[in-house]
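Report on the following structure.
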Amino acid sequence: MTTAKQSPFGEVEPRGWIPWGALAPILAILFIFGGLISTSALVLKPLGFIDTEWEPIGSTGLFAMLMVSFGAVGLLTTAWIKFVERRPLASVGLTRGGLRPFLGGHGAGILMVLATVSLIWVFGGYDAGAILPAFSSPTALFNIVLLLLGFALQSSVEEYVFRGWLLDVVMRKFNIWVAIIVSSALFCLLHVNPENPWYDNVNTFAFALFACAWVLHTGNIWGAMGWHAGWNWFMGVGFDLPITGLDTGVPALLLEFAPDGPHWLNGGNTGPEGSVFCTLVFILGTVYWVRKPKAAADS
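Going by the numbering used here, the sequence shown wraps up at 300, each residue one higher than the last.
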């Protein structure tokens, strides 16, 4: 067994079995698809939250999918860590005192969305429409709050699986560079949409590298979880724009935008995550964490 010193989250030695490095990505896929497929077939579809193509129906269906399906993924991953590997959750980045870095990360995610969308708008990638349209509907505001909770869980579970458990296991078995590449490549693979341009996948990979840099610098996943949650939520509800091709089904919380111009500028049907400005934001964010002095880490 390799030593815990090879873990990014401290010297906690597992009392159970840590899977082989090559097996870890396969297990991550099983955790994710096991949770998503089982809950979709047994819960969401019978209750009418998803359609025949397994797409969420409206914002209520999306909220149900985020909570139920990703909740199941989180439970499967936790069961493996607790009963097979027999180690505490702190060993995969869920250290004590997580609320403050989570909230700080959440705010950073919102600000980075605002920066990305503003850059696209300034360079002519969007036509502006209604201002604060969600505030004309109490139902819309209620659904936006529900999605705040839903995206908090969904995004946190993704960080838990990819930048928490998978990054840790592969790093224990190989090294930091293999861990970064494997976790980021698998994250990218599971978000691939063959109908979108190839450079959308570059942004997804850059997204993962940025999150890895954050986690490795701080020694926990709380900040990255909060950032991912704030990014997904505000991207989906702030401007009536798709998030990775997904429509949240609610009016814009701030300002309604419609894409105008080439895909590389505004992301088209993918949303801002397909824009070259999103690439720029992720690169700058990664450089920030790589160059930030360790002693100044907000863990």
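The beta carbon of each residue, even a glycine, is placed where N, CA and C say it ideally should be.
Only a predicted model underlies this, so the values are computations on that prediction, with no experimental measurement involved.
Cβ-Cβ distance between residue i and residue j below 8 Å
i	j	result
M113	G239	no
W290	F103	no
F34	V158	no
L120	G237	no
G272	T245	yes
L77	G22	no
G125	G262	yes
G110	G231	yes
A91	P252	no
G11	R87	no
L167	A29	yes
G94	G227	no
T96	V69	no
Of the listed residues the options, nearest to residue i (C-alpha basis)
i	options	result
I306	G151, H218 and L148	Outside the modelled stretch of the chain, which goes from 2 to 300, sits residue 306, for which no answer is possible.
F208	P195, N194, E196 and H229	H229
M66	T79, A42 and A129	A42
G165	G49, A225, P273 and A135	A225
N202	C213, A214, F188 and I30	F188
G130	E257, N267 and H264	E257
I182	L100, A259 and T205	T205
Local conformation of residue i per DSSP, three classes
i	result
G36	helix
G98	coil
L242	coil
E257	strand
L24	coil
A297	Caution is warranted here: a pLDDT of 48 is assigned to A297, below 50, making its placement in the model unreliable, and the coordinate value is therefore given only provisionally. It is helical.
P273	helix
L48	coil
P57	strand
L31	helix
Extent of the continuous alpha helix (DSSP H) to which residue i belongs
i	result
I182	I177 to L190
L148	P139 to E160
M172	L168 to K174
Segment limits, beta strand (DSSP E) that includes residue i
i	result
G130	Y127 to I132
CB-CB length for residue i against residue j, believed under 8 Å
i	j	result
P15	M172	Not quite, the Cβ-Cβ distance comes to about 13 Å (not below 8 Å), so this is no contact.
L133	L255	7 Å
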